[in-house]
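What follows is a short report on a single structure.
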Amino acid sequence: MKEQLEKIYANATVDLEKAQTISDIEEIRAKYLSRKGEFNEIKKNLKNLSDEDKRVVGSLANEITQKLESSLKAKYEEFYKKELNEKLQKERIDITLPGKYIPHGKVHPLTATTNEIVAIFQSLGFSVVPDEHSPEVETEYYNFDMLNVPKDHPARDVQDTFYTEIAKNVVLRSQTSNSQIRAMEGQNPPIRVVAPGRVYRNENINARKNNFFHQIEGLYVDKNITFGDLKGVLNEFIRLYFGASRPTRFRSSFFPFTEPSAEIDVQCIMCEGKGCRTCSGTGWLEILGAGMVDPNVLRNVGIDPDVYSGFAFGMGVERLSMLKYAIDDIRLFFNNDERFLKQF
Ligand code: PHE
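Heads up, the final residue of the sequence shown is numbered 343 in numbering that gives the first Met the number 0, and it's a clean run with no missing numbers.
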């Protein structure tokens with residue numbers, strides 16, 4: 000038995016000499032040292048020996064398995080280090096190589112301007128109406144009727160408004176004022192909201208006008224709201240949006256849904272008021288229409304005009320963006336020319 004042990008050990012040593020990899024080592028461990036391994040087979044037969052022999056052969060078996068165990072361990076560590084180094088070498092990353100260019104988009108200037116304007120009104124206590132209260136495809140009822148626009152008003156003409164084929168009375172909204180009605184139908188005063196969105200008009204296109212553009216509607220209805228509040232809020236908006244140093248003017252105007260009504264012009268930044276192509280020689284660009292909500296409109300939505308009053312406004316986002324960044328043609332917003340868009 001002693002000889003048998005020595006022989007197995009010699010074989011194991013030869014096997015170990017030949018081992019190249021960690022998995023070779025594992026095979027050797029299984030072959031000799033596992034429960035079904037060759038040494039264990041011998042240890043199982045120890046019970047047939049005399050007590051004396053049992054002691055001698057038993058301790059020899061232990062000694063040999065321990066020796067084998069430790070040389071396996073040493074080899075294992077050697078191979079482990081070697082294989083790890085090879086792997087690290089192979090997977091090495093050259094961090095000095097230049098990175099891959101990944102082009103990334105930017106926020107469109109109109110979106111940026113809209114966000115900026117909305118943030119100003121939020122800071123003044125206005126909240127944004129939910130999208131479903133400000134649809135772009137709208138019935139004449141919300142776009143005109145409820146806003147006190149007479150049936151024969153020229154704005155209803157197909158020359159000014161795009162009618163759809165969905166139904167006779169469905170239009171692409173010509174103004175975000177539809178959201179005023181939907182806001183007032185959806186809640187009781189006090190109401191203090193803004194509604195940004197796209198509007199469509201059958202216009203001749205030029206440097207200041209496109210057949211679709213963007214507006215931000217505003218509405219404030221409560222007790223004791225006056226024209227002074229309207230001027231105060233809009234002047235504060237202009238101050239915050241442009242900084243203090245922009246010449247502006249209030250002009251009286253007319254809208255069927257406000258009385259009295261006004262428009263605000265801001266001096267043209269392209270020519271500093273001297274007159275140019277963008278402002279069509281006037282030196283001014285209109286940025287918004289506004290006014291005190293007409294009592295008829297309040298009545299239409301069931302708000303008592305003897306108790307409540309309010310003001311509303313609708314501002315042109317493109318115009319405001321043009322006046323801030325000196326963009327001399329509204330069409331630049333819609334051409335998707337990267338040379339333009341990259342500047343923002
Ligand atoms: N809806 C008007 C327009 O498109 C602007 C406006 C809004 C005027 C609210 C008064 C009150 O020109």
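Where is the CB? At the ideal position from N, CA and C, for every residue including glycine. Being a predicted model, the structure only gives us computed values, none of them experimental.
| Query | Result |
| --- | --- |
| Cross-strand partners of Ser251 (DSSP beta bridge) | Ala261 |
| For Thr138, three-class secondary structure by DSSP | strand |
| Cβ distance (whole Å) where Leu4 is taken to contact Ala73 below 8 Å | That belief does not hold up - the Cβ atoms of Leu4 and Ala73 are roughly 21 Å apart, past 8 Å. |
| Inter-residue Cα distance where the pair is Ser260 and Leu340 | 36 Å |
| beta-carbon Thr257 near ligand 1 non-hydrogen atom, thresh 6 Å | yes |
| Residues sharing a beta bridge with Arg191, DSSP | Tyr219 |
| Proximity below 7 Å, CB of Val170 to CB of Thr160 | yes |
| Backbone CA spacing between Gly274 and Cys267 [nearest angstrom] | 8 Å |
| Other residues of its chain near Val220: CB distance less than 6 Å, five sequence neighbours each side excluded | Pro188, Ile190, Tyr307, Gly309 |
| Candidates Ser70, Arg200, Lys42: closest to Val13 by CA position | Ser70 |
| Own chain, CB closer than 8 Å to Ser126, minus 5 neighbours either side, in chain order | Arg191, Val192, Val193 |
| Start and end residues, alpha helix (DSSP H) containing Met346 | No answer is possible for residue 346: it lies beyond the span of the chain, which begins at 0 and ends at 343. |
| Ser178 CB to nearest heavy atom of ligand 1 below 6 Å | no |
| Cβ-heavy atom distance, Phe211 to ligand 1, below 6 Å | no |
| Where Gly290 sits in the DSSP three-state scheme | strand |
| Stretch pair the region 312-328 + the region 208-215: three plus CB contacts closer than 8 Å | yes |
| Which residues DSSP lists as bridging Phe211, in chain order | Tyr199 |
| Exposure of Arg34, with buried meaning 16 or more beta-carbon neighbours within 10 Å | exposed |
| Phe253, buried or exposed, once every other Cβ within 10 Å from all chains shown has been counted against 16 | exposed |
| 7 Å CB neighbourhood of Gln158 in its chain, flanking five on each side removed | Asn201 |
| Ser22 versus Ile101: straight-line alpha-carbon distance, rounded | 43 Å |
| 8 Å CB neighbourhood of Val300 in its chain, flanking five on each side removed | Met145, Ile180, Met183, Glu184 |
| First through last residue of the beta strand (DSSP E) which encompasses Val300 | Where Val300 is concerned, there is no enclosing beta strand (DSSP E), given that its DSSP letter is neither H nor E. |
| Alpha-carbon spacing of Lys42 relative to Asp50, whole angstroms | 14 Å |
| Counted within 10 angstroms of its Cβ, other Cβ atoms place Ala11 as buried (16 or more) or exposed | buried |
| Contact set for Arg197: own chain, Cβ-Cβ below 7 Å, skip 5 residues either direction | Glu135, Phe211, His213 |
| Residue nearest to Phe120 in terms of C-alpha spacing, selected from Tyr324, Ile302, Phe312, Thr20 | Phe312 |
| Residues of its chain near Lys150, where Cβ-Cβ distance is below 8 Å and the 5 sequence neighbours each way are ignored | none |
| Touching by the beta-carbon criterion (3+ pairs, under 8 Å), the region 103-117 and the region 319-328 | yes |
| Buried versus exposed, by CB contacts within 10 Å (16 or more), Thr95 | exposed |
| Spatial distance of Phe241 from Leu233 (CA atoms) | 12 Å |
| Span separating the alpha-carbon of Gln65 from that of Glu82 | 25 Å |
| Identity of the residues DSSP links to Ser279 by a beta bridge | Its beta-bridge partners do not exist; DSSP assigns none. |
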